[in-house]
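Taking it in order: structure first as structure tokens, then the write-up.
Protein chains: 2
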Amino acid sequence: MPSLRAQKKADKNRRILEAATTLFRKVGYDSARIEDIAEMAGVSVGTFYNYYKNKGDMLMATVSMEVEEVLAAGDVIIAKKHDQVANALFELIGKYYDHSLTYLSKEMWRTAMSLSIAQPETPFSKRYTALDHRLSKQVCDLFRALQDRGIVRKDVDCSAIGELVFNNVNMMFIEFVKDEDMDIDGLKDQVARQNIPLAHLVSQTG
Amino acid sequence: MPSLRAQKKADKNRRILEAATTLFRKVGYDSARIEDIAEMAGVSVGTFYNYYKNKGDMLMATVSMEVEEVLAAGDVIIAKKHDQVANALFELIGKYYDHSLTYLSKEMWRTAMSLSIAQPETPFSKRYTALDHRLSKQVCDLFRALQDRGIVRKDVDCSAIGELVFNNVNMMFIEFVKDEDMDIDGLKDQVARQNIPLAHLVSQTG
DNA sequence: AAAAAATATTGAACGCGTTCATTTTTTGAG
DNA sequence: CTCAAAAAATGAACGCGTTCAATATTTTTT
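Here it is in structure tokens:
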């Protein structure tokens, strides 16, 4: 049985998260003041800080949800029986990119990335970095799966190539969120262009 | 003949820049307050803002100097007659990394990168991004030079591979500055591991 | 050389994220 | 039901980057 205290806590937590994400999307992260979030949630500023360590922490809940979902979708893609490296790779990368704006705006992504670089010792940054590493590992896993099925050359170091590809995917995503004019199709086209030669080189009997 | 006004201006500009870089290195970027920088430079806070748009702008002078020097050194490396892709590539990348801490600390790099992502419409970010693109282009140029000399396979898209490699180099550098315990040799080792298979794949008669 | 115009300096004030001493609410023991 | 201890809520105050109206200095004009 949840105590009165626990009930109120859960309720406030939900109200604060809801108010924050609503405001972030409506007026942007920077313009959403803690005072406004607190007011919309019906609590005081101090209470906000009782529930969240700081403003940036509010983002991590969303980023985390986003990446967890895309990781699950990625596992499904890896399990498919692709017969070409390029097809498999672009399906995985495409899923990453297509999903990226489901919960987060470009500005929210920029803020999250910016925070994770600026203050690497914070829990925020550590969680963000951990998610990045799981994504990187997933790309490696794709190459390994393709290698096991004889699609990728046996002599290819899947970790090396996977990390290389993921870091490029990630860097291009940074460029994407930095440029409000760039759309996801443009992003995919560029990344495809960069990876086609690589896909060709690592393909069996390529 | 410099007027009295121009003299004073140049002098103050120098004193502010000197005070800022000294303090950034001594106490770190975040802990160096504008008030302190202004005091050390013998001007008021308002005057600081007369010379520099904001705190972040102080970094760009340093970042710019750093990257310009490394670009020049890179051109010299490209002009060399390497006979192996891996050697040439690692010499260029190694130069980037070795030079990186000459003027900037890891914290300063983190701040610069963080700012360039968080506020992409600012002059700061635009300058930073432009420098990044010149570095990326230089890596492409290396592959092209090697291709012209018959070291890299003729059918390789040098822009694609160059961008892929540079984006990985850049992403790994972000990991490096995020981790105070990581040293440049560790960084080089990881990047070498990631790129060796690629170097092998693109090599003529590889 | 004095007055007017142009330019530069100044520091108090502002905005906003964050902190913390105080007050209020909830809990469980007697 | 009472009350003391624990937990939670509060909002005024703080720190620091940034702005701006007022003041001071330099240059130009007459």
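Those protein sequences? They're chains V and R, same order as listed.
For what it's worth, full-length UniProt numbering labels the leading residue of the first sequence as 1, then goes sequentially.
For what it's worth, full-length UniProt numbering labels the leading residue of the second sequence as 1, then goes sequentially.
Virtual Cβ for every residue (Gly too), placed ideally from N, Cα, C.
| message | Looking at V:Met108: is its Cβ nearer than 9 Å to the Cβ of V:Val63? | response | yes
| query | When the cut-off is 9 Å and only beta carbons count, does R:Pro123 lie next to chain V? | reply | no
| query | Cα-Cα, which of R:Val152, R:Arg149, R:Phe124 is closest to residue 207 of chain R? | reply | No answer is possible for residue 207 of chain R: the residues shown for chain R start at 1 and end at 206.
| said: Tell me the rounded alpha-carbon separation between R:Ser203 and V:Asn195. | reply: 17 Å
| query | Any idea if V:Thr102 is buried or exposed, counting beta-carbon neighbours within 10 angstroms, 16 or more meaning buried? | reply | With fewer than 16 Cβ atoms within 10 Å of its Cβ, V:Thr102 is classed as exposed.
| How about the region 113–132 of chain V and the region 113–129 of chain R: do they share at least three Cβ pairs that are nearer than 8 Å? | yes
| the region 124–134 of chain R touching the region 145–163 of chain R, judged by at least three CB pairs closer than 8 Å | no
| Using a Cβ-Cβ distance under 9 Å, would R:Met113 count as near chain V? | yes
| Do you know how far the Cα of R:Ser105 is from the Cα of R:Ala38? | 21 Å
| task | Using a Cβ-Cβ cut-off of 9 Å, state whether V:Asp148 counts as contacting chain R. | result | no
| Can you tell me where the alpha helix (DSSP H) with V:Val76 in it begins and where it stops? | 55–79
| query | Which residues in chain V sit within 8 Å of R:Glu66, going by Cβ to Cβ distance? | reply | Those do not exist, as R:Glu66 stays about 17 Å from chain V at its closest Cβ, beyond 8 Å.
| request: Check whether the Cβ of V:Ser31 lies closer than 9 Å to any Cβ atom in chain R. | output: no
| Quick one, are the C-beta atoms of V:Glu163 and R:Asn168 less than 9 Å apart? | yes
| Can you list, in chain order, the residues of the region 181–195 of chain V whose Cβ is nearer than 8 Å to any Cβ on chain R? | Cβ contacts with chain R: Arg193, Gln194, Asn195.
| field | Distance between V:Leu59 and V:Gln138 (C-alpha atoms, nearest Å) | value | The straight-line gap from Cα to Cα measures roughly 23 Å.
| Expressed to the nearest angstrom, what Euclidean distance is found between the alpha-carbon atoms of V:Phe166 and R:Val45? | 44 Å
| request: With a threshold of 16 other CB atoms inside 10 Å of the CB of V:Val70, please say whether the residue is buried or exposed. | output: With a threshold of 16 other beta carbon atoms within 10 Å, V:Val70 meets it and is buried.
| task | Go ahead and label R:Ala19 buried or exposed: buried means 16 or more other beta carbons lie within 10 angstroms of its beta carbon, across all protein chains shown. | result | In summary, R:Ala19 is buried, with 16 or more beta-carbon neighbours lying within 10 Å of its beta-carbon over all protein chains present.
| query | Going along chain R in order, which residues have a C-beta closer than 7 Å to the C-beta of V:Asp157? | reply | Here the neighbours are Pro197.
| task | Could you check if R:Phe143 is buried or exposed, using at least 16 other CB atoms within 10 Å of its CB as the buried criterion? | result | buried
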